[in-house]
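Residue numbers (my numbering): -10 to 85. Notes for the one structure printed next.
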């Protein structure tokens, strides 16, 4: 089964920011700065620092495919880096 691409995960975040998909926080930021969310069956682990979304650390689609953040990847391979400024602000607001 092929891994999820950053663009596939970004699309879920984008749709949630626009209100197209349901965004649910599963747990608030932990000591490690991780927040787990569900976007219509997609489970994402987000790196949140002082209310600011930094990275998408992990993701799993409803069909079981996964995404793993690699700090050494080139720019554009983290779904968060693909979000517009407005989309990022909306996701941070939803995280609360």
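Ideal placement from N, C-alpha and C gives every residue a C-beta, glycine not left out.
State the Cα-Cα distance for the pair residue i and residue j, rounded to the nearest angstrom.
{"i": "residue 46", "j": "residue 73", "result": "19 Å"}
{"i": "residue 49", "j": "residue 82", "result": "22 Å"}
{"i": "residue 30", "j": "residue 76", "result": "20 Å"}
{"i": "residue 57", "j": "residue 43", "result": "14 Å"}
{"i": "residue 53", "j": "residue 39", "result": "30 Å"}
{"i": "residue 71", "j": "residue 0", "result": "9 Å"}
{"i": "residue 66", "j": "residue 22", "result": "20 Å"}
{"i": "residue 9", "j": "residue 27", "result": "14 Å"}
{"i": "residue -7", "j": "residue 84", "result": "23 Å"}
{"i": "residue 59", "j": "residue -5", "result": "11 Å"}
{"i": "residue 25", "j": "residue 12", "result": "11 Å"}
{"i": "residue -2", "j": "residue 68", "result": "6 Å"}
{"i": "residue 32", "j": "residue 5", "result": "13 Å"}
Applying the 10 Å Cβ sphere with the 16-neighbour rule, what's the burial state of residue i?
{"i": "residue 17", "result": "exposed"}
{"i": "residue 3", "result": "buried"}
{"i": "residue 15", "result": "exposed"}
{"i": "residue -9", "result": "exposed"}
{"i": "residue 7", "result": "exposed"}
- Ignoring anything shorter than 3 residues or poking outside the segment 3 to 83, list the beta strand (DSSP E) runs there in chain order. 12 to 16, 23 to 28, 31 to 38, 41 to 49 and 55 to 57
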